[in-house]
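>
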Amino acid sequence: MSSRRAVLSLCSLAVVSGTLLTACGALPGDEPGRRTVTVWLMRDSASDAFLKRFTKAYEAEHTDITLDIRIQDWTGIGEKVTKALDDKDGGDGGPDVIEVGNTQVPQYVDGGGLLDLSLESARDLGMEDWLPGLAEPGVDHARQFGIPWYAANRVVIYNKDLFAAAGIKNPPTTRDEWLALTRRLDSDGRQGIYLAGQDWYTLSGFIWDEGGELAHESAGTWTGALDTPEALRGMDFYRRLQALGQGPRNADEEHPSQADQFARGDIGQIISTPGTAQRIVKKNPALKGKLGFFPIPGKTANRAGSVFTGGSDLVIPANTGDRASAVAVVKALAGEKWNTELARTMNYVPNKTTLANAVAGEPGVAAMAVGAAHGKATPASPLWATVEAADNPIKAYMSQVLSGADPATAAKKASRTITERLDESGE
Numbered sequence: 342m343s344s345r346r347a348v349l350s351l352c353s354l355a356v357v358s359g360t361l362l363t364a365c366g367a368l369p370g371d372e373p374g375r376r377t378v379t380v381w382l383m384r385d386s387a388s389d390a391f392l393k394r395f396t397k398a399y400e401a402e403h404t405d406i407t408l409d410i411r412i413q414d415w416t417g418i419g420e421k422v423t424k425a426l427d428d429k430d431g432g433d434g435g436p437d438v439i440e441v442g443n444t445q446v447p448q449y450v451d452g453g454g455l456l457d458l459s460l461e462s463a464r465d466l467g468m469e470d471w472l473p474g475l476a477e478p479g480v481d482h483a484r485q486f487g488i489p490w491y492a493a494n495r496v497v498i499y500n501k502d503l504f505a506a507a508g509i510k511n512p513p514t515t516r517d518e519w520l521a522l523t524r525r526l527d528s529d530g531r532q533g534i535y536l537a538g539q540d541w542y543t544l545s546g547f548i549w550d551e552g553g554e555l556a557h558e559s560a561g562t563w564t565g566a567l568d569t570p571e572a573l574r575g576m577d578f579y580r581r582l583q584a585l586g587q588g589p590r591n592a593d594e595e596h597p598s599q600a601d602q603f604a605r606g607d608i609g610q611i612i613s614t615p616g617t618a619q620r621i622v623k624k625n626p627a628l629k630g631k632l633g634f635f636p637i638p639g640k641t642a643n644r645a646g647s648v649f650t651g652g653s654d655l656v657i658p659a660n661t662g663d664r665a666s667a668v669a670v671v672k673a674l675a676g677e678k679w680n681t682e683l684a685r686t687m688n689y690v691p692n693k694t695t696l697a698n699a700v701a702g703e704p705g706v707a708a709m710a711v712g713a714a715h716g717k718a719t720p721a722s723p724l725w726a727t728v729e730a731a732d733n734p735i736k737a738y739m740s741q742v743l744s745g746a747d748p749a750t751a752a753k754k755a756s757r758t759i760t761e762r763l764d765e766s767g768e
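With this note's numbering applied, the sequence shown covers 342 to 768.
(1) Alpha carbon to alpha carbon, how far is valine 446 from proline 597?
(2) Is it true that the CB of glycine 588 sits closer than 7 angstroms to the CB of leucine 555?
(3) Is the separation between the beta-carbon of threonine 694 and that of aspartate 470 shorter than 7 angstroms?
(4) Taking the beta carbon of serine 744 as the centre, do at least 16 other beta carbons fall within 10 Å, making it buried, or is it exposed?
(5) Does the Cβ of proline 748 have 16 or more other Cβ atoms within 10 Å, making it buried, or fewer, making it exposed?
(6) Between asparagine 698 and serine 462, what straight-line distance do the alpha-carbon atoms span, to the nearest angstrom?
(7) Check whether the stretch 524-531 touches the stretch 575-583, counting contact only when three or more Cβ pairs, one atom from each stretch, lie closer than 8 angstroms.
(8) Pick helix, strand or coil for lysine 640, following the three-state DSSP scheme.
(9) Mark glutamate 551 as exposed unless 16 or more other C-beta atoms lie within 10 angstroms of its C-beta, in which case mark it buried.
(10) Taking the Cβ atom as the reference point for each residue, do lysine 640 and arginine 516 lie within a distance shorter than 7 angstroms?
(11) Can you tell me whether DSSP reads aspartate 375 as helix, strand or coil?
(12) Buried or exposed: which applies to histidine 482, given that a residue is buried once 16 or more other Cβ atoms fall within 10 Å of its Cβ?
(13) Of the residues Lys424, Lys510 and Lys624, which one's Cα is nearest the Cα of glutamine 602?
(14) Helix, strand or coil for valine 690, going by three-state DSSP, please let me know.
(15) Terminal residues of the continuous alpha helix (DSSP H) containing arginine 620?
(16) Looking at the unbroken alpha helix (DSSP H) that takes in tyrosine 771, where does it start and where does it end?
(17) Where does glycine 702 land, buried or exposed, given buried means 16+ other C-beta within 10 angstroms?
(18) What does DSSP give as the partner residue(s) for leucine 632 in the beta ladder?
(19) Terminal residues of the continuous beta strand (DSSP E) containing tryptophan 563?
(20) Once you ignore the five residues that flank alanine 572 on each side, which residues in its own chain have a CB closer than 8 angstroms to its CB?
(21) Spatial neighbours of alanine 387 within its chain, please: CB distance less than 7 angstroms, with the 5 preceding and 5 following residues excluded, ordered by chain position.
(22) Is the beta carbon of threonine 523 less than 7 angstroms from the beta carbon of isoleucine 534?
(23) Can you list, in chain order, the residues of its chain whose CB lies under 6 angstroms from that of tryptophan 519, leaving out five sequence neighbours each side?
(24) Measuring alpha carbon to alpha carbon, tell me which of Ile735, Leu466 and Asp437 ends up nearest leucine 456.
(25) Phenylalanine 635 and valine 497: beta carbons closer than 7 angstroms?
(26) Going by other Cβ atoms of all chains shown within 10 Å of its Cβ, with 16 needed for buried, is glutamine 448 buried or exposed?
(27) With distances taken from CA atoms, which of Met468, Ile406, Thr407 and Gly453 is nearest lysine 429?
(28) Between which residues of its own chain and arginine 760 is the CB-CB distance below 8 angstroms, once the five residues before and five after are set aside?
(29) Would you call the CB atoms of asparagine 733 and tryptophan 490 closer than 7 angstroms?
(30) What do you get for glycine 561, buried or exposed, if any count of 16 or more other CB atoms within 10 angstroms of its CB means buried?
(31) Which of the three DSSP states is assigned to phenylalanine 649 in this structure?
(32) Please report how far the alpha carbon of arginine 376 lies from the alpha carbon of glutamate 420, in whole angstroms.
(33) In angstroms with no decimal places, state the Cα-to-Cα distance between glycine 474 and threonine 444.
(34) According to DSSP, what are the bridge partners of aspartate 517?
(35) Could you check whether alanine 675 and valine 690 sit closer than 7 angstroms to each other, using their CB atoms as the reference points?
(36) From the DSSP output, in three-state form, read off lysine 717 for me.
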């Protein structure tokens with residue numbers, strides 16, 4: 342293992358506490374003839390009530406199966422999952438199904454510890470309708486290892502009173518409209534938008550809209566791509582939008598908290614997940630009922646902007662002792678019935694574009710679902726977490742450009758750093 346790969350596996354990802362329990366074998370107290378399928382799910386991904394409903398219904402339908410759902414913590418999860426996947430006797434003592442962050446899947450694929458679920462994806466799970474930001478990170482050399490479960494992404498949260506005061510009746514549907522509208526809001530002591538200088542997830546969407554990438558892969562080698570014409574156009578749009586507010590050039594959206602800034606009531610818009618609205622209203626109850634949502638606009642009205650898609654995939658360890666039972670549990674969790682129920686319960690985007698109507702009644706989630714149809718994930722390198730480290734070169738690049746540096750020169754420097762960090766040889 343290269344020194345850089347070691348850094349990734351030990352430091353970049355996190356989850357669980359607790360001990361491994363018997364999987365696909367009889368546990369003390371099991372009814373005779375029933376097999377146990379052990380499922381690791383992340384804390385707060387699903388409510389207790391949802392898990393109880395699912396377990397009761399699944400066990401009633403599959404009378405030979407007992408579900409043993411173990412809740413894991415994000416802190417330390419990478420090392421714990423890697424250990425479970427590396428265990429040669431995993432079928433006798435490890436998980437059979439694991440929830441992992443969608444961008445984590447490449448790391449586990451790289452270790453060779455996951456089952457190839459390509460057949461099930463095409464035959465049983467309707468992969469043609471999956472959200473791309475969940476499905477793409479789960480693919481390696483045309484083989485599907487990660488099964489999309491749920492998604493979340495950024496939208497624009499806006500102050501309805503400030504829109505009305507500026508004579509704005511409808512949210513924008515194109516980038517050009519968005520800039521024009523934001524300029525109107527950016528007056529009389531108000532900020533049109535609060536956009537921190539280092540919100541690189543938002544920048545990623547603008548780059549993707551232009552046809553660019555954060556990094557390119559060719560024959561197994563990754564190269565930073567911030568210096569391409571497409572990526573530079575994305576950064577230029579970010580620069581123009583960011584200038585229509587007072588967001589700090591040298592900090593991200595949490596330093597200071599953009600939710601707290603927006604709660605003051607003098608900011609027209611922020612870009613965040615819909616759940617941020619709860620934090621805003623808690624900070625300033627006077628804004629209750631005065632917040633709206635719309636998808637990040639794209640270049641044309643017939644296509645919303647691209648967004649970074651966060652969320653989770655379900656994977657099955659290659660060392661499971663009962664592949665058929667594990668696959669059956671994944672099919673149920675990722676299938677239409679339980680996936681839409683999870684989305685409604687937790688205000689997530691369902692795993693398929695065809696299921697967006699399931700959340701149409703929640704304005705923030707509905708806006709999120711529109712964007713998710715054009716979502717993407719970070720580059721599928723097992724070493725990508727080294728780019729997202731404390732000294733993220735994308736953040737530094739953004740601050741440099743916003744402070745007046747030549748974009749092409751700064752982008753080349755950042756791209757070189759990305760290339761170095763994604764070099765699996767460690768050289």
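Just so it is clear, CB atoms sit at the ideal spot from N, CA and C, and this is done for glycine as well.
Since this is a predicted model, take the numbers as computed values, not measurements.
Looking at the coordinates:
(1) 31 angstroms
(2) no
(3) yes
(4) exposed
(5) buried
(6) Rounded to whole angstroms, asparagine 698 to serine 462 spans 22 angstroms at the Cα level.
(7) no
(8) coil
(9) buried
(10) Closer than 7 angstroms, so yes.
(11) Checking the sequence shown, residue 375 turns out to be arginine, not aspartate. When secondary structure is reduced to three states using DSSP, arginine 375 falls in the coil class, being assigned neither helix nor strand.
(12) exposed
(13) Lys624
(14) Strand, per DSSP.
(15) 617-624
(16) No answer is possible for residue 771: it lies beyond the span of the chain, which begins at 342 and ends at 768.
(17) exposed
(18) Partner(s): Asn500.
(19) Start and end: 562-565.
(20) Ile548, Glu551, Gly553, Glu554, Leu555, Ala566 and Ala752
(21) Leu683 and Met687
(22) When the beta-carbon positions are compared, threonine 523 and isoleucine 534 come within less than 7 angstroms of each other.
(23) Pro513 and Pro638
(24) Asp437
(25) yes
(26) With 16 or more neighbouring CB atoms inside 10 Å of its own CB, glutamine 448 falls in the buried class.
(27) Gly453
(28) The sequence as given places threonine at residue 760; arginine does not occur at that position. Closer than 8 angstroms at the Cβ level, and outside the excluded window around threonine 760, lie Ala556, Trp563, Thr564 and Gly565.
(29) no
(30) Answer is exposed; the Cβ neighbour count stays below 16.
(31) strand
(32) 27 angstroms
(33) 9 angstroms
(34) Note: aspartate 517 sits in no beta bridge, so no partner.
(35) At least 7 angstroms separates the beta-carbon of valine 690 from that of alanine 675.
(36) strand
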